[in-house]
Amino acid sequence: MFRQIISSIRVIDRSALPGAVLLGLLICLNSIMEAVGVGLVFGLMKLIENPALIVENEKLSAVYDWFGFASNREFMTAAVMFLLVAFAFKAVLFLLVTWQKYSFTTRNEAAVAKRLFHRYLDCPYQQVAERNSAELITNIANRVFAVVQTTVMGAITIVTDLFTVAAVTLVLMTLEPFVTLGTAIFLGVAVVVSVTALRPFLYRMGTQDVAYSEAFLKVLKESLDSLKEIRISGSARFFARRFGDIRLNQAAMRRVFLTLQEAPKTVIELVIVYAMLGVILFAQYRADSPGQLLALLSLFGIAALRIMPATNRILFTINHIQSQRENVRMVVADFDMLGSEEAVTGEESSVVFSQSVELADVSFTYPGADRPALDGLSVIIARGERIGIVGPSGAGKTSFANLVMGLIAPQQGDVRVDGQSIRGRLASWRRHIGYVPQSIRLFDDSLRRNIAIGREDDEINEERVSSAVRLAQLDQVVAGLPDGLDTLVGEHGARLSGGQMQRVGIARALYHDPDVLVLDEATAALDMATERDLNDAIEKLAGKTQLVIAHRLSTVRTCDRLFYMEDGRITAIGRFDDLYDSNPAFRRLVDLMQSGDNRA
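Okay, so the sequence shown: first residue is 1 according to the working numbering, each after it adds one.
Have a look at this one:
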């Protein structure tokens, strides 16, 4: 558990240290006030039992004379008023500690979640691309809570209550050492046995809960993303049953888990009741008068009111922390594993692109793959060239584009711009690139913000938006929308057609006027006429280097050069007609596409 707490504290930002120090001081002060409160109540009960102590006790007598009390009754009244003020101060202090405690944890939970989210967005692409998005969402939405609110907040709660128990116990030891020692041993054994006995069960159930949570979120996300296919196939009941089975199994497990978490509370309450009964029996033989018996019982009664809830919270929190060990491990592992892309590759410096992009003997193999996705590629692409990348499925076309964009790093060779490696300069290089994927992801926001992605409203350049809309042939679409560029497109662009979404993606890529335009099946969702018009417009983008990945070969017919790829290699380079005449594999691909178009 201690390693888990230390690991969780490590992910807290160092800027939170002053808040932690302030919280620690408040906790210490609060614990002292708890102990003082117990001592004051005991002292008051002793005075009620024997008012003569006001005169007999040297310190009380000095206070009596200093304030000039006229009678014991006035002194007792003042003592009660002082006790009221002291407990009011203690209540305010407790609220202040609670405020600072929750302020510290909630603020740091938000900060840790933001930092982890930024790590996912900023780390090397391959580190997150192959992971299930449900796991990443769970880490940010749920597991960060386990790190900060459960573990760090739990540690603070344990420290707070341990200080309280220790301070109250110290007062009891000073006043009644023998009874206190016996009660402490009795209670301590019960706590140790409860924690030790439940630890393996709670850890195992916590691990199961992690698996169930991730599984149901995965089913939920995949089902909602595939709603159309599920409706058409009539498989709604199947997915609902899968989701329900996971939730029911998790509910059955949590029933046992929550019961076990509550069990120590019952045990501790029983132990404290037994201890109090023992104190009563002991006090009957020890007390010389009913007043002494009342004072002793009041002392331990008030102490029990402080110790019992504190002990219960300590036990519950320890068990809860232990149950979240797997959640914490996964979040901490991501912080340890995922670094900033530029931190991995080196110090960022600017890229100037005026001549060429060169792939120098580059190779890349995906983790777990038995053959390279790219194998010894060496090509030079001149600025302003329009390059078509063609080949059968699995040839490495998209991997080639990802390599040029710096989304994957070559395991052999290098990618160079104007003769300089892009390692350590990825962010600068990507500012030269506009990317249009085959499947466009639109945000549930306005059309304008979807085009000028990642910019605040006051940062959006309206001239660039208008230019991008015009080049992507979105003019008529915008004119037909009720609020024009301010129209909300819906989740995943639900209010737009597939072709309109594709054109929004093209406008997004063109917004920042890139030097390099990467089109990965960018016009596949468009009808033939719109595709032809859009390709004509793209061809006229003077000075832009273009990489065009296409299965529909009419898209690349006018490219300056084609790279024909097979099995991760570029096996032929040339213009469309030259490759058709000289390369049998390319000729078969063209003939196959043409026969498919004719049948359509």
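Each residue gets a CB set at the ideal place from its N, CA and C atoms; glycine is no exception. Since the structure is predicted, the reported quantities are computational estimates derived from the model, not experimental observations.
Across the structure, L510 and P437 are spaced so that their CA atoms are roughly 13 Å apart. Within the model, the alpha-carbon separation for Q100 versus V192 is close to 30 Å. The way I'd put it, the stretch 257 to 275 does touch the stretch 305 to 324; three or more beta-carbon pairs between them come closer than 8 Å.
Inclusion of L547 and V404 in the CB contact set at 8 Å is warranted, their separation being smaller than that value. CA-CA distance, L407 to G424, rounds to 13 Å. DSSP places M405 outside both helix and strand once states are collapsed to three, so it counts as coil. Beta-bridge annotation (DSSP): A382 is paired with S356.
Under the three-state reduction of DSSP output, Y64 falls in the helix class.
With contacts defined as CB atoms closer than 8 Å, E385 and T207 fail to qualify as a contacting pair.
A check of alpha carbon separations from N72 across A52, D13 and D520 identifies A52 as the nearest. In this structure, E229 keeps its C-beta atom at 8 Å or more from the C-beta atom of A134. The criterion of a C-beta distance shorter than 8 Å is not satisfied by L260 and F186.
Taking C-beta atoms under 8 Å as the contact rule, V489 and L442 qualify, at a distance of about 5 Å.
Annotation: the continuous beta strand (DSSP E) that includes M565 extends over R561 to E566. G499 and D527 have their C-alpha atoms spaced approximately 8 Å apart. If you draw a 10 Å sphere on the C-beta of R588, you find fewer than 16 other C-beta atoms in it, and that means exposed.
N139 places its beta carbon less than 8 Å from that of L116. Looking at the DSSP output, Q420 bridges to V417. By a beta-carbon distance limit of 8 Å, A91 does not contact L44. Their separation comes to about 18 Å. The alpha-carbon of M330 is positioned some 12 Å away from that of V11. By alpha-carbon distance to T571, the top candidate from L377, Q476 and C28 is L377. In the three-state reduction of the DSSP assignment, A572 falls in the strand class.
Here the C-alpha atom of R575 lies approximately 42 Å from the C-alpha atom of E459. For T98, there is no enclosing beta strand (DSSP E); the residue is part of the alpha helix (DSSP H) that begins and ends at N72 to D122. Of the candidates E56, T174, I48 and V168, V168 places its Cα closest to the Cα of E34. If you draw a 10 Å sphere on the C-beta of Y102, you find fewer than 16 other C-beta atoms in it, and that means exposed. Distance from the CA atom of L40 to the CA atom of T77, rounded to whole angstroms, is 14 Å.
Less than 8 Å separates the beta-carbon of S356 from that of R383. Rounded to the nearest angstrom, the gap between the Cα atoms of G301 and M276 is 8 Å. Bounds of the alpha helix (DSSP H) holding D209 are P177 to D225. Pairing P18 with V112, the inter-Cα distance amounts to about 17 Å.
By the neighbour-count criterion, in which 16 or more other beta carbons inside 10 Å mark a residue as buried, E463 falls on the exposed side. Collapsing the DSSP output to three states places L162 in a helix. The Cβ atoms of L474 and V504 sit closer than 8 Å to each other. CA-to-CA, the gap between M337 and V210 works out to about 20 Å.
In terms of Cβ geometry, S7 and V152 do not form a close pair [threshold 8 Å].
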